[in-house]
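One structure is given here, and the rest of the page talks about it.
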Amino acid sequence: MNSTDNNVVDIRHLTRRFNDKAALQDVTVRIPRGQVFGIVGENGAGKTTLIKHILGLYRAQHGSVSVFGMDPVKHPKEVLSRIGYLSEQPDFPEWMTIAQFMNYMAAFYPNWDRQYAAQLLEMASLDARKKIRELSKGQQARVGLCAAQAHRPELLVLDEPSSGLDPVARREILAAVIRTVVHEGRSVLLSSHLLEEVERVCDHLLFFSNGEVLLSDSMEAVLDRHYQITLRRPGQLEWQALPGVFNAVADNGEWQLFCFADIDQLTGLLQLQGAQILDTRRLSLNEAFLARSSQRHTPGRIA
Amino acid sequence: MNLHLTQHSGVPPYLQIISQIKQLIASGRLNVDQELLPIRVLAEKLLINPNTVARAYRELETAGWLYTKRGAGTFVAAGTTAFSAETCRKQIRERVCALLVEAAHMNISVAELIKLIREMGNDLGKGDKES
Amino acid sequence: MYASAIRALVGEIFGKNRAAIVGAAAVTPAAWMIAKAYLRHVPGIEPNFATPLGFLLLVVIAMQLGSVFAYVDLTAGGSGSGFPRHILLLPAPTWLLALVPIIAGSLFIAAFVLLWLRFVSGVQLDWTQQLALTVAITAVMCWIQAMSWELLPRSMRIVALLVVVIATIVSVISALANEPDFLLGRRAGQIGLVLTSSGGYGFAYLAVIRARRSETLALNASLKRLFFSPGQPLHAVPLPTLSTAVAAQNWFEWRVYGRILPLFMTIIGAFPLASLAFDGMRRAPSIALSTMLLLVFYLMVSPMMGAAYISKDWTRRVQMGTFAATRPLSDSELAFAKLRLAIKSYALSLLIVCAVIVVIILASRNNVALLALWSRLTQRLGTTGSYLSLMLLFAAITAASWAASALFMSLQLFYEAVDRKKHGWKISLAMITLFGLLLILARRAYVARDSALQWLHAARAEVIIPVIVLTGIALYLLPPFRRVAALSTLRALAVGFLTVTVLGLIGLSQLRLPFGYRWALSSGLVSLALVTFMPFLLVPILVRMSRHR
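Protein chains in written order, with this note's numbering: chain A, 71 to 373; chain B, 258 to 388; chain C, 18 to 566.
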């Protein structure tokens, strides 16, 4: 019972197939209370599928999903009323004015704070008399963001909210994330392509590829332990056997190793094997993502 | 307290905060016993995870740049208004190294470079006195 | 100088759509053969294309051909057989671009229709009648063209076209009828035809202008608002007080889907009302016909409505939108909001239909045909009995219409809930089987039409079996429904249904009917009650299925 108290989301061994194609493969994720949890991965990696499981829009085929200690499929009302959700392409009722929309949304959430909602709308400089249809994509996202925050949800779920938005709207999304965690210690689940944003705001990073979790670690560790090592060593390098090395490229007698490891230990090991370390460089999240994404396409791994 | 985080630099945000606060203290723009922005406020201002700010403050505190008063906030510590000799040396060494490579590339001799540095140092000294 | 442009256009149309044209023409012998095979076991009737069914087939084929000549085809979703758009870039004047496909299409279709009438149905028309028919087809062609752009949302276009087609048909019947004052009267019919065709050409011309500039019509927005987005002025809109989540969802459903059916029934009802203005109409027996048409329409649109209530915005057939699915409501609350909307919408529509019928009857106080019908009824059942049976009839029609709608709602939900790639062919197979069964049933009913009274009197197993089957299905559905919760709502509903059914049974027993009829009608009433009750069990289960895939 203790784990459900500390974890807002608790997903265990979740597998999901669509027509025999695995969208999620034995995924285990726990989102502790008060954290900003980032999900990154290529398109079609399974991010949205995972989020739809959390919202109860997908039924778990194998494994279990628990949100606030409840099954979101069995208790949609109880779970959804504590979640704020915004997706990349929100299908809002476009015929409503913003005022109607907020009025409509308010009825669903017992904790809806009308004053806070009005304040959020004002901050986003939106005219409540306008119809949602008449708004730009960025303005629509802002309306969605206001609606997702006004009931101070315990879990804010943002599914690629920034895609295709202008910098101002993107900034507001980041602000919403920070506001959510800073004040009440509520949790955020952020799926995004924009790695700089993820790097800025997330506590924990989940890296998805082809429905599998490639990496799940705290942002601190992800940033501190991803390195690129350039070394010179005669002969073949059995890099697959090295701890934490996930990709390697041979280039004119020099090797570029991409690793997720304790850098001092690894360089020590490499030097013992007779390698000459030319350079070690910390990888940014973007570079780490690219290096990890290309690892599946590297022929070296198959050999 | 004006901090700027740059993206695409490859430097993790908490390291950027640490170095910028150090710069602010070293350059005297943050005085001893002056209070720093609370973690939450700075996080909202920079749009960055509060834990990142907390980590930067924590590391600065263990390095002796800051001290915390329980319930009151985080303050600039006395006695560390300059970088430790070792860090200074390391930082400068890196930059000189880069400078030398560049100069060699542009066919500027080491003697010429030293002359240039001396001249500019004199200028900087004057400027300091005037201000 | 226009000759080459016309030749290019005509060549393009016939060249591109050769397969569709040949296919449409080939439907005739195929339909003949199928009808022959189907009617083999029915003694006394030969395939006769001079029947309404034959005319329906003709209209469907003609519509298909019409879409061949339109710039964009009307079959929703498809884009294959559309008019070649690059024609819009031809250096020809716009009026020609609009006119050539219309004239080519209407001449071709008119030739087809006239040949069909002459040789398949064996109907002889004189030259004025042939001309009127050609003009009517031209009118429809014009409107197809006008509708082909984003004048209206895709599925609304078909409805609008239907309205125009009805107007045209009414005009055509009036213009062609042997009696000079049938329906609108011959003169009014001719005027109507000229008006619809010239108005249609105007719209088609405007549409081509817009299409050449790749603009949509400005009319789009206003028409769309009329049908879909219950628009209100920006200023001073009092927000409804939505005290609970359920109230909010009810409000939402009503605003999105509620007014489609009442609006549609108003439009349909406007036709007979408008025809009251003509003196001939008030006296003609066609008054009863138009009243019947209204009721038939009310019944016919219900399956469409059921499907429409489920779609996200009716113009697109998509799965339950994420927004709807993420409302913090339980599955049964979502489902009941939908059902409540359907009931409200149906009740309002019924009121409109009743009002129209009452006005028609009042306006034609001295209508001999209606009075004769009524006196025959009172003779048989007595005055109270007549009123009672009329009420029962209306209730039955409403119930059947609602049930059809709700069951189609269920079907659409089911279709969305299942994995179409995996089970699609099974569903198609089931639908085809069901359709075949219905056809066979219709044939049997037709064969037994003369002995229907004896059949009812005998109260055979056919009447009771549906009751047993439906009760069985309802009992089978109960356990999965329980998982959806909201049992208290169901209990209240069940009590309500029971009360109405018992009242209906008492009403039936008051009618002066032989025992056999009473027995059979009671079984019918019970199965109708069960059919109307079923959606309350089905829809929540299906909402649950499509919400949590």
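We put the CB at the ideal spot given by N, CA and C, even for glycine.
- Here the segment 558-566 of chain C does not lie against the segment 504-519 of chain C, with fewer than 3 beta-carbon pairs under 8 Å apart.
- DSSP, reduced to helix, strand and coil, places C/Y315 within a helical segment of the structure shown.
- For the segment 146-178 of chain A, the full-length alpha helix (DSSP H) segments reaching 4 residues or more read 146-150 and 168-176 along the chain.
- Listed by position along chain B, the residues whose Cβ is nearer than 9 Å to that of A/V97 form an empty set, because the closest Cβ is around 24 Å away.
- 9 Å or more divides the Cβ of C/T185 from the Cβ of C/L201.
- Look at A/W182 here: in three-state DSSP terms it is coil, with no helix or strand label.
- Secondary structure of A/F138 (DSSP, three-state): coil.
- With fewer than 16 other Cβ atoms inside 10 Å of its own Cβ, B/I349 counts as exposed.
- C/G521 sits in a helix when the DSSP states are folded into three classes.
- With a threshold of 9 Å between beta carbons, B/Y271 makes contact with chain A.
- Taking a cut-off of 8 Å for Cβ pairs, the segment 227-246 of chain A and the segment 320-328 of chain A do not touch, as fewer than three such pairs fall below it.
- Our two residues, C/C159 and C/R135, have alpha carbons roughly 25 Å apart in a direct line.
- For B/I274, there are no neighbours in chain A by C-beta distance under 7 Å, as the nearest C-beta there is about 11 Å away.
- In the structure shown, C/V225 falls within a helical segment according to DSSP collapsed to helix, strand and coil.
- The continuous alpha helix (DSSP H) containing A/K207 extends over residues K207 to Q219.
- Along the segment 238-260 of chain A, going in chain order, the ones with a CB nearer than 9 Å to a CB of chain B are R241, L244, A245, V247, I248, R249, V251, V252 and H253.
- Annotated three-state conformation of C/S366 is helix, per DSSP.
- Here the alpha carbon of A/L120 sits roughly 29 Å from the alpha carbon of A/L190.
- Three or more beta-carbon pairs separated by less than 8 Å are not found between the segment 176-185 of chain A and the segment 122-138 of chain A, which leaves the two stretches without contact.
- When 7 Å is used as the limit between beta carbons, A/L293 is near these residues of chain B: P269, in chain order.
- For the segment 301-315 of chain B, the residues whose beta carbon sits under 9 Å from a beta carbon of chain A are, in order, E301, L303, L304, I305, N306, P307, N308, T309 and R312.
- In the structure shown, B/P270 falls within a helical segment according to DSSP collapsed to helix, strand and coil.
- Residue contact with chain A for C/A262: present (Cβ-Cβ distance below 9 Å to some residue of chain A).
- For the segment 109-136 of chain A, the set of residues with a beta-carbon nearer than 9 Å to any beta-carbon of chain C comprises K122, L125, G126, L127, Y128 and R129, in chain order.
- Residue pairing of A/S233 in beta bridges, as defined by DSSP: absent, with no partner found.
- Interface criterion met: the Cβ of A/I153 is under 9 Å from a Cβ in chain C.
- Straight across, the Cα-Cα distance linking A/R203 with A/I168 is about 10 Å.
- In the three-state DSSP reduction, A/S354 falls in the coil class, being neither helix nor strand.
- Taking the Cα positions, C/L387 is about 17 Å away from C/L290.
- In this structure, C/L82 sits near C/F125, with a CB-CB distance shorter than 9 Å.
- In the DSSP secondary-structure assignment, A/D349 is bridged to A/T300.
- Within chain A, no C-beta atom comes nearer than 9 Å to that of B/R352; the closest sits roughly 17 Å away.
- Non-local C-beta neighbours of C/W391 in its own chain, meaning closer than 8 Å and more than five positions away in sequence, comprise S403, ordered along the chain.
- With contacts defined as CB atoms closer than 9 Å, C/I30 and C/V117 qualify as a contacting pair.
- Selection A/F328, A/D334 and A/R86 evaluated against A/G116 yields A/R86 as nearest (Cα-Cα).
- For A/W325, the uninterrupted beta strand (DSSP E) segment begins and ends at E324 to F330.
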